[in-house]
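Colleague: Quick one: structure below, then a few questions.
In our numbering, the protein residues as written are 1 to 80.
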């Protein structure tokens with residue numbers, strides 16, 4: 001079991017962990033904490049899945065018709 005500060009630090013660093021912005025030593029610390037702490041592991045799983053879903057959604061192509069409508073609306077607003 002971990003104290004609140006360790007969990008709070010781990011949760012804060014999860015974003016950096018997921019973005020690959022930590023040193024290997026820091027990544028190992030977080031992995032050890034996640035191995036021992038169910039609530040932090042749940043938070044990690046949630047954030048990882050959320051990022052995966054957002055990443056997949058952002059790859060979908062906008063239909064040409066919708067793209068044209070948005071461009072026309074923006075053009076109309078700019079010309080007013």
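Note that beta-carbon positions come from the ideal geometry of N, C-alpha and C, so glycine has one too.
Residue range of the alpha helix (DSSP H) that residue 64 falls in?
Modeller: 64 to 78 is the extent of the alpha helix (DSSP H) around residue 64.
Colleague: Check whether the segment 26 to 33 touches the segment 45 to 63, taking contact to mean three or more Cβ pairs, one atom from each stretch, closer than 8 angstroms.
Modeller: Judged by Cβ distances under 8 angstroms, the segment 26 to 33 makes no contact with the segment 45 to 63, as fewer than three pairs qualify.
Colleague: Relative to the alpha-carbon of residue 38, which residue among 22, 70, 72 and 7 has its alpha-carbon at the smallest distance?
Modeller: Residue 7 is the option with its Cα nearest to residue 38.
Colleague: Report the CB separation of residue 18 from residue 49 in whole angstroms; it is logged as a contact under 8 angstroms.
Modeller: In fact, because the Cβ distance is near 11 angstroms, the residues do not count as touching under 8 angstroms.
Colleague: Could you give the DSSP three-state label for residue 25: helix, strand or coil?
Modeller: The answer is helix: DSSP assigns residue 25 an H, G or I state.
Colleague: With DSSP as the reference, label residue 19 as helix, strand or coil.
Modeller: The answer is coil: DSSP assigns residue 19 none of H, G, I, E or B.
Colleague: By Cβ distance, which residues of its chain are closer than 7 angstroms to residue 44, with the 5 residues on each side in sequence left out?
Modeller: Excluding sequence neighbours, residue 44 sits near 14 and 34.
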